[in-house]
Each structure stands twice: as structure tokens, then as C-alpha cells.
Amino acid sequence: MIELNPHIEVIPAWIRAGIRVQVPMAQLQQVFGPTFERAAAAITAAGTDIIGPAYACYFGEPSDTVDVEIGFGVESWIESADLLVTQVPAFEAVVGTHIGPYEQLEASYEKLVPWMVDQDVNLAEHMYEFYDSMPEGGASAPTTRMVFPLL
């Protein structure tokens, strides 16, 4: 099921804390779980709480190798040798919502990109996936927001 609903909205300011990796595209899915676990442990050890959904911030155009930061929004600024911590100001972005398995996420991107071209938007060189709900074995499908910051 693809929900998409493309639109432009303002994403509120937040603090992100993650681990940046460069990984072959073919190995990307295997990297997520362990990296989320490492990020969560480092956030807890630094003394703050995770807030908001998990995220992946992709830098540059995807190719055979993906440059991605994987982590969480945090309640307050932290110092950690294990994490990249960034104060993200509020920003305007194109947002599309994918409801369904991650294996079908590419189909949502294929629908969102032409919409962005039609809107003639000027995109930043990075984008986010926010994992608003995760698969937990129940009937509900995971929800992923695809967020493209505007310049």
C-alpha cells in the first residue's frame, strides 16, 4: 500500500544524534539494525532520552555506495565520541509518506520524484527517512516519511 500524499511542510527544529557510515548499497539493510542499537546505547550512555522517530539521513546521490547517518532525535544536546550530534534548525521540505514494507519503498520514491520535478523545487544535498512506525509483527504496516529539505 502506497500512501505518498506529497506536500511541502515545515519540519520543526530538532537535535539529531547518529552514526555516519559509508556502505555498499547491497549491504545497507543489514547495517540499519546494529547501527540503530549502537546509536541508542550511546545516547543512553550520554545521559539523554530518545525522542521522535528513528531516522536515516542520506548525503549526496545514491550509487553503489551509500553515505548515511543513522540515529534518533534526542531530548537535549549531548557530547559523545561515538555520535555525530547536530542541532537541526527548522526547515521547509517536500514530504511523502510510504506505508508498507521497506522492500516497496523504492516504488514510493519513483512516484515522489516526478511530483518534485513538477513542483520545480530546489533540493538540498541530503534527505531524510523518518521511521514513524516500525514493523512489530502486528497487522499495521511500517510508516516511513521521505523528507527532502528545500534550499
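The opening position of the sequence shown corresponds to residue 12 in this note's numbering, with each subsequent residue numbered one higher.
We treat Cβ as the ideally placed atom computed from N, Cα and C, and that holds for glycine.
Tell me where the beta strand (DSSP E) around residue i begins and ends.
i: glutamine 41; result: Segment 39-57 is the alpha helix (DSSP H) holding glutamine 41; no beta strand (DSSP E) there.
Starting from the C-beta of residue i, find all residues in its chain whose C-beta is less than 8 angstroms away, skip the five residues before and the five after it, and write them out in chain order.
i: serine 73; result: Reading off the sequence, residue 73 comes out as proline, not serine. So the list reads Met36, once near-sequence residues are dropped.
i: glutamate 136; result: Phe70 and Gly71
i: phenylalanine 43; result: Ala67 and Ile81
Based on DSSP bridge pairs, tell me the residues matched to residue i.
i: alanine 67; result: Ile81 and Glu140
i: isoleucine 26; result: Val85 and Gln98
i: aspartate 104; result: According to the sequence shown, residue 104 is alanine rather than aspartate. Its beta-bridge partners are Glu20 and Pro160.
i: glutamine 115; result: For glutamine 115, which the question treats as bridged, DSSP gives no partner whatsoever.
i: glutamine 33; result: Asp78
i: leucine 15; result: Thr108
i: leucine 134; result: Leu161
Apart from the five residues on each side of it in sequence, which residues of its chain come closer than 6 angstroms, Cβ to Cβ, to residue i?
i: glutamine 115; result: none
i: threonine 97; result: Arg27
i: serine 144; result: Pro153 and Thr154
Use the C-beta contact count for residue i: other C-beta atoms within 10 angstroms, 16 or more gives buried, fewer gives exposed.
i: valine 79; result: buried
i: glutamate 140; result: buried
i: valine 158; result: buried
i: valine 85; result: buried
i: serine 119; result: buried
i: alanine 101; result: exposed
i: alanine 53; result: buried
Between which residues of its own chain and residue i is the CB-CB distance below 7 angstroms, once the five residues before and five after are set aside?
i: tryptophan 25; result: Gly63, Gly84 and Val99
Tell me whether the region 101-118 and the region 61-77 touch, counting them as touching only if at least three CB pairs, one residue from each stretch, are closer than 8 angstroms. no
Is it a yes or a no for the region 92-99 touching the region 58-67, going by three-plus beta-carbon pairs under 8 angstroms? no
Could you tell me whether the region 39-56 touches the region 118-130, where touching means 3 or more Cβ pairs closer than 8 angstroms? no
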